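K.L.:
Numbering (this note's numbering), first residue to last: -1 to 154.
#1: Report the start-end ranges of each alpha helix (DSSP H) in the stretch 37 to 120 that is 4 residues or longer and not cut off at the edges.
#2: Here's a check: name, in chain order, each residue in its chain whose Cβ is nearer than 6 Å to the Cβ of residue 49, leaving out the five neighbours to either side.
#3: Am I right that residue 39 and residue 99 are in contact with their C-beta atoms under 8 Å? What's the rounded C-beta distance?
#4: Could you check what DSSP says for residue 5 in three-state terms: helix, strand or coil?
#5: Using 10 angstroms around the beta-carbon of residue 47, count the other beta-carbons present and answer buried if the total reaches 16, otherwise exposed.
#6: Take residue 42 and list the residues in its own chain whose beta-carbon comes closer than 8 Å to its own, dropping the five residues that flank it on each side.
#7: For the beta strand (DSSP E) that residue 19 lies in, which residues bound it at each end?
#8: Starting from the C-beta of residue 11, find all residues in its chain whose C-beta is less than 6 Å away, skip the five residues before and the five after it, and write them out in chain order.
#9: Using alpha carbons as the reference points, say which of 9, 52, 103, 8 lies closest to residue 62.
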């Protein structure tokens, strides 16, 4: 990381639909979902209007499993991560771009409506923090899988 830059996103919003969870060929869980945030502004007539912004999010590994198991449409969530823009070419040679939030931390901020005694999955999931030492591993696999360039292989 360059010392004079930062790529950090923090959102509090509601899920617009249930997350879509799947596994990529390596077996790593991937979960895609969208979070809506609202902003109220005064228009030219002096009236207040709400604007909704939809944010595409993707998570991997244990965070993806947590989100897939506990996040549902309408839930109020806290998301922390970083922006990533990907580029790919479709079968017609058209170039496409998509910007999404790579989720590092996910938390439910409300309680699910359910019968008494159930587990609402409340809490936070964040990967274990390191002590800033490189991990000792014989595997060269990245902690976050590379996203395929072929549109048919995209996890969403």
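Idealized CB from N, CA, C, for every residue including glycine.
Quick caveat: nothing in here was measured; it's all calculated off a predicted structure.
P.N.:
Looking at the coordinates:
#1: 59 to 68
#2: Locating residue 49 in the chain shown gives position 51, counting from the first residue. For residue 49, where only same-chain residues beyond five positions count, the Cβ hits under 6 Å are 37.
#3: Position 41 of the chain shown, counting from 1, holds the residue named residue 39. Position 101 of the chain shown, counting from 1, holds the residue named residue 99. About 23 Å separates the two Cβ atoms, so there is no contact after all.
#4: For this step, residue 5 is matched to residue 7 along the chain shown. If DSSP states are grouped into helix, strand and coil, residue 5 belongs with coil.
#5: Counted from its first residue, the chain shown places residue 47 at position 49. The residue is exposed, with fewer than 16 neighbouring Cβ atoms inside 10 Å.
#6: Position 44 of the chain shown holds residue 42. So no residue of the chain qualifies.
#7: Translated into positions along the chain shown, residue 19 becomes position 21. Note, residue 19: beta strand (DSSP E), 18 to 21.
#8: Taking the first residue of the chain shown as 1, we reach residue 11 at position 13. Cβ neighbours of residue 11 beyond the five flanking positions: 33, 34, 35.
#9: Position 64 of the chain shown, counted from the start, is the residue given in the question as residue 62. Answer by Cα proximity: 103.
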